[in-house]
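Engineer:
Protein chains in written order, with our numbering: chain Z, 13 to 313; chain P, 4 to 656.
Following this line, the structure appears as structure tokens:
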């Protein structure tokens, strides 16, 4: 992504030169991004959310502010899917394709007033009324922000593992689901492309993630546009391009009992590896996958 | 809350999840836990007085931040903020009440969920851990009318998290469900959708379930509505159709009538308070338990008010303790029926009787605000002010009553005493004559006053009962709720001076400066063009109405009716006094008919004040002309009604 504003250009350069690996990674993501349209970039530059400045910190704050105001939205569609901002469309996907998404349950369980065991039992018994009532409360808490998800086919083989929840967390780079002192309850939600389509009110409602679709995060890594889908950066080192998992964003799906596919608990803390090592290996895999070994080469050197 | 914290691995997590995972497992005395508690309070205090952002994107983010703050308090179990937000609910609810943009941006819902979920957390720190029970029942009943249908789940959650229900294994949420069904008339499918999850969460044998449901449905309000068990539960296979009221015994009754009668008898016979107290507590507990389980508050409110009045009337010993108990009963009654005028009066008088004079005056003003048509509320406030030697203010209350047309013969008796005390004997005599004109055969006090004045003797200024209390009772300190109500009391007493006194306007401006989100201040300021609802994000409807009325903006007034059906009569009358002929005819017709409507409370207040206009209309005048002739008094009635409607319900807990 290339800014017009000289101050933002300078700010990004400052980030890229930072000795801090975390800052450098976030700046790297902005520089490498290919999926943000010109119109969306201009909006990002123009929105006077944070005073313009040439320090990395000011660019960083602009990014955080932008996500809070225009991506985590409640009444208007997030910029991610707005037609006039030319979303990073993934193109046609078969309507029957199934999408899966890992969701944290701690908050909806608290607000609904049930324990994980109670929810698990009702899920095992397929108590439709209970699950739908739970979903009503949960849906009320969920806004319109884009949902990071993947295709079922990407993770299907891992779902029979006893520790499938931890494995998926690591594969999909969902570090924030980290069991600290107690297991983290999660649901694996499943819905079809048609389900997304049915509820959407924008032309494009499944997109390839871009750096502007979430807060600055060193565990995000932009994928070359030629790959059509994003590739989640795993929490563990990526050994080859086959380890890369497809990552996409879909607009909101209002859950019913049908969408709560599996319940589980993440039992381990998120693994910790050197961020620069993780990113180097992920970049290498992306270059292999895309057949483009110049992607990111300049910034990585 | 508003930014980003690079705390691996939680960088991308939402604030409530970060707080839960980093702090939630720490003990309450851990420095990090304490720091978060005090930080949340400071942050919320700052947010509450901030103007709301005008930009829609920022506004939705603001509401999200506030919602997440409430959620954090609940998720982490932050006792100090939870207690503060509960004790100052008048303030916080009033603020959060506006912050509802969408289901996922509804800070009011988050606030209420926080109150519900933290009931067990604050139980050890709160004098009455179950105090919110009546509010949850009301919330259930009004989920689908005053509040969105989704609030039913919050009301039920509140009832499920009542500390005493948890302790006793009670199911107060059954009464919540039944109350909701009675008010909102759900379809069978809707009811089962709400009922079955609760049934799953609280497994019980069919026999016990049926008994509990029957206990609820056998209460008067359901019987009166011809609801027969199993009623809404008929589609549950555990409730066979043969389960009906006939032949099935109650398992739960209110406390025996004999106990109540014996207590009242003892109080009248001057039995020492120490000998009555235990039975009083037993009585109160019995009513509360019965009401929590059945949702039927009729017996509780009536009995608490009766006993409370007897406690104050027969204070032969332990005056302060008796008054405190009466106050306790009044507040409990108000939690169930926040619009009960007797309970409000009891609370005010109980405060006075225990020497909390300023709080009593504040309550007096609050009762005038809430019951603008009740002469007794104004008379009693004037009596308290006289007892505290605030004679000018007492006179202003009486003049206000006469101006609003909310007076009776006793109002004139008070006026006569005040005038006589000032040496204005002729005016005092005239007041007595005016009073006798409206109560020729019920004017003992007036006749006696006239006789005294005729003999050149002074009138006793302070009523004997109040004088006795003032003579014996030391001034006691305020309690937190009375302090909270002082805000509105201060504004209510400022109101009559706003029209003509610059100093009053300055005072109002200062109040708004220090708390720009104080709803009552906004109403008064909008009325006097000091504050513009139209320039605000999420403007409160009551203030927007005042602004439109002040600007004689008929189009905005019409648009407000669509937004707030409960203001329909009020808006019509406002349009009518501005000369709208259609509105004049419609409001005259509407106020003549006392059938059920969506704006019962507004219509009830206005109907009384509209009576003189009916006389003109019945005498042959067109409605618009008759209304124009009474425009000044009707405008005051409109102000009174708008203020009464905007008084927060969540009170006295």
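Every residue gets a Cβ at the ideal spot worked out from N, C-alpha and C, and that includes glycine. Please read these numbers as outputs of a predicted model, since none were measured by experiment.
Consult DSSP for residue 323 of chain P and reduce its assignment to one of helix, strand or coil.
Structural biologist: Position 320 of the second chain holds residue 323 of chain P. Here residue 323 of chain P sits in helix by DSSP.
Engineer: Taking any Cβ of chain P, which residues in the stretch 197 to 215 of chain Z have a Cβ under 9 Å from it, in chain order?
Structural biologist: Per Cβ criterion, the list is empty.
Engineer: Pull up the CB-CB distance for residue 142 of chain Z and residue 569 of chain P, whole angstroms please, since I reckon it's below 8 Å.
Structural biologist: On the first chain, residue 142 of chain Z is found 130 positions in, with the first residue counted as 1. On the second chain, residue 569 of chain P is found 566 positions in, with the first residue counted as 1. That pair is no contact at about 35 Å.
Engineer: My guess is that residue 541 of chain P and residue 528 of chain P are in contact by the Cβ rule of under 8 Å, so how many angstroms apart are they, rounded?
Structural biologist: By 1-based counting over the second chain, the position of residue 541 of chain P is 538. By 1-based counting over the second chain, the position of residue 528 of chain P is 525. The pair is not a contact, with the Cβ atoms about 16 Å apart (cut-off 8 Å).
Engineer: Residues of chain Z with CB closer than 9 Å to the CB of residue 414 of chain P, please, in chain order.
Structural biologist: On the second chain, position 411 is the one that residue 414 of chain P refers to. Within chain Z, no residue comes near residue 414 of chain P; the closest Cβ sits about 51 Å away, beyond 9 Å.
Engineer: Mark residue 246 of chain P as exposed unless 16 or more other C-beta atoms lie within 10 angstroms of its C-beta, in which case mark it buried.
Structural biologist: Within the second chain, the letter at position 243 stands for residue 246 of chain P. Below a pLDDT of 50, predicted positions are generally treated as unreliable, and residue 246 of chain P, at 47, falls in that range; no measurement from the model is reported.
Engineer: Tell me, please, whether the CB atom of residue 107 of chain P is closer than 7 Å to any CB atom in chain Z?
Structural biologist: Indexing the second chain from 1 puts residue 107 of chain P at position 104. With 7 Å as the cut-off, residue 107 of chain P counts as an interface residue toward chain Z.
Engineer: Tell me whether residue 80 of chain Z is buried or exposed, calling it buried when 16 or more other Cβ atoms sit within 10 Å of its Cβ.
Structural biologist: Position 68 of the first chain, counted from the first residue, corresponds to residue 80 of chain Z. The residue is buried, with at least 16 neighbouring Cβ atoms inside 10 Å.
Engineer: Could one say the Cβ of residue 219 of chain Z lies closer than 7 Å to chain P's Cβ atoms, at least one of them?
Structural biologist: As a working mapping, residue 219 of chain Z is identified with position 207 in the first chain. With 7 Å as the cut-off, residue 219 of chain Z does not count as an interface residue toward chain P.
Engineer: For residue 532 of chain P, does the three-state DSSP call read helix, strand or coil?
Structural biologist: Here the question's residue 532 of chain P lines up with position 529 in the second chain. Coil at residue 532 of chain P, not helix or strand.
Engineer: What is the DSSP secondary structure of residue 258 of chain Z, counted as helix, strand or coil?
Structural biologist: In the first chain, residue 258 of chain Z corresponds to position 246, counting from 1. Reduced to three states, the DSSP call for residue 258 of chain Z is strand.
Engineer: For residue 223 of chain Z, which option in Z:83, Z:26 and Z:58 has the closest C-alpha, if you only look at C-alpha atoms?
Structural biologist: Looking up residue 223 of chain Z in the first chain gives position 211. Comparing Cα positions, the closest option is Z:83.
Engineer: Are the stretch 68 to 84 of chain P and the stretch 36 to 47 of chain P in contact at 8 Å, needing three or more beta carbon pairs?
Structural biologist: yes
Engineer: Grab me the residues of residue 315 of chain P's own chain with a C-beta within less than 6 Å of its C-beta, minus the 5 sequence neighbours each way, in chain order.
Structural biologist: One-based indexing of the second chain puts residue 315 of chain P at position 312. Contacts found: 329, 352 and 356.
Engineer: By DSSP, does residue 112 of chain Z sit in helix, in strand, or in coil?
Structural biologist: Looking up residue 112 of chain Z in the first chain gives position 100. Note: residue 112 of chain Z maps to strand in three-state DSSP.
Engineer: Which chain Z residues are close to residue 60 of chain P, counting only those with a beta carbon under 9 Å from its beta carbon?
Structural biologist: As a first step, residue 60 of chain P must be located in the second chain, where it is residue number 57. Those are 59, 61, 80, 81, 82, 85 and 88, listed as they occur along chain Z.
Engineer: Residue range of the beta strand (DSSP E) that residue 161 of chain Z falls in?
Structural biologist: The residue given as residue 161 of chain Z occupies position 149 in the first chain. Looking at the DSSP string, the run of the beta strand (DSSP E) that includes residue 161 of chain Z is 159 to 163.
Engineer: Pull up the distance between the alpha-carbon of residue 140 of chain Z and that of residue 212 of chain P, whole angstroms please.
Structural biologist: Your numbering for residue 140 of chain Z matches position 128 in the first chain. Your numbering for residue 212 of chain P matches position 209 in the second chain. The alpha-carbon separation between residue 140 of chain Z and residue 212 of chain P amounts to approximately 21 Å.
Engineer: Cβ of residue 129 of chain Z less than 7 Å from any chain P Cβ?
Structural biologist: Stepping through the first chain from its first residue, residue 129 of chain Z is reached at position 117. By this cut-off, residue 129 of chain Z is not an interface position.
Engineer: Need the endpoints of the beta strand (DSSP E) that residue 314 of chain Z sits in, please.
Structural biologist: Nothing about residue 314 of chain Z can be read from this structure; chain Z reaches only from 13 to 313.
Engineer: Do the CB positions of residue 347 of chain P and residue 495 of chain P come within less than 7 Å of each other?
Structural biologist: Walking along the second chain from the start, residue 347 of chain P turns up at place 344. Walking along the second chain from the start, residue 495 of chain P turns up at place 492. Cβ atoms of residue 347 of chain P and residue 495 of chain P: not closer than 7 Å.
Engineer: Could you give the distance in angstroms between the alpha-carbon of residue 636 of chain P and the alpha-carbon of residue 552 of chain P?
Structural biologist: Residue 636 of chain P sits at position 633 when you count from the first residue of the second chain. Residue 552 of chain P sits at position 549 when you count from the first residue of the second chain. The C-alpha of residue 552 of chain P is placed about 15 Å away from the C-alpha of residue 636 of chain P.
Engineer: Inspect the beta-carbon positions of residue 225 of chain Z and residue 120 of chain Z and report whether they are closer than 7 Å.
Structural biologist: What you label residue 225 of chain Z is simply residue 213 of the first chain in a count that begins at 1. What you label residue 120 of chain Z is simply residue 108 of the first chain in a count that begins at 1. It is not a contact, given that the beta carbons lie outside the stated cut-off.
Engineer: What are the partner residues of residue 103 of chain P, as DSSP defines its beta bridges?
Structural biologist: The count along the second chain starts at 1 and reaches residue 103 of chain P at position 100. For residue 103 of chain P, which the question treats as bridged, DSSP gives the partners P:109.
Engineer: Is the beta carbon of residue 646 of chain P less than 7 Å from the beta carbon of residue 602 of chain P?
Structural biologist: Residue mapping note: residue 646 of chain P aligns to position 643 of the second chain, counting from 1. Residue mapping note: residue 602 of chain P aligns to position 599 of the second chain, counting from 1. Contact: no.
Engineer: Taking a cut of 8 Å between CB atoms, which residues from the stretch 196 to 225 of chain P lie near chain Z?
Structural biologist: 196, 197, 199, 200, 203 and 204
Engineer: Rounded C-beta distance between residue 115 of chain Z and residue 201 of chain Z? I'm assuming under 8 Å.
Structural biologist: Locating residue 115 of chain Z in the first chain gives position 103, counting from the first residue. Locating residue 201 of chain Z in the first chain gives position 189, counting from the first residue. Residue 115 of chain Z to residue 201 of chain Z, Cβ: 5 Å. Contact.
Engineer: Contact check, residue 310 of chain P vs residue 266 of chain P under 8 Å by CB: the rounded distance?
Structural biologist: Here residue 310 of chain P corresponds to residue number 307 of the second chain, with the count starting at 1. Here residue 266 of chain P corresponds to residue number 263 of the second chain, with the count starting at 1. Right, their Cβ atoms sit about 6 Å apart.
Engineer: Below 7 Å on C-beta distance, what does residue 124 of chain P contact in chain Z?
Structural biologist: In the second chain, residue 124 of chain P corresponds to position 121, counting from 1. What residue 124 of chain P touches in chain Z: nothing, since even the nearest Cβ is about 12 Å away.
Engineer: How is the beta strand (DSSP E) around residue 459 of chain P delimited, first residue to last?
Structural biologist: Numbered from its first residue, the second chain carries residue 459 of chain P at position 456. Careful: residue 459 of chain P lies outside any beta strand (DSSP E) and carries neither H nor E.
Engineer: Out of P:256, P:376, P:182 and P:428, which one is the CA nearest neighbour of residue 610 of chain P?
Structural biologist: Sequence index remark: in the second chain, residue 610 of chain P carries index 607 (1-based). When only C-alpha atoms are compared, the closest one is P:376.
Engineer: Please check if any C-beta of chain P sits within less than 7 Å of the C-beta of residue 188 of chain Z.
Structural biologist: Position 176 of the first chain, counting from 1, holds the residue named residue 188 of chain Z. Chain P contact via Cβ: present.
Engineer: What's the gap between the Cα of residue 307 of chain P and the Cα of residue 501 of chain P?
Structural biologist: If you number the second chain from 1, residue 307 of chain P lands on position 304. If you number the second chain from 1, residue 501 of chain P lands on position 498. Using only the alpha carbons, I get a separation of about 38 Å.
Engineer: Can you pull the chain Z neighbours of residue 20 of chain P, defined as C-beta to C-beta under 8 Å?
Structural biologist: Numbered from its first residue, the second chain carries residue 20 of chain P at position 17. Per Cβ cutoff of 8 Å: 116, 118, 119 and 188.
Engineer: Residues of chain Z with CB closer than 7 Å to the CB of residue 23 of chain P, please, in chain order.
Structural biologist: Reading the second chain from its first residue, position 20 is the one you call residue 23 of chain P. Simply 118.
Engineer: By the three-class DSSP mapping on this structure, what secondary structure does residue 149 of chain P have?
Structural biologist: By 1-based counting over the second chain, the position of residue 149 of chain P is 146. Residue 149 of chain P falls in the coil class under three-state DSSP.
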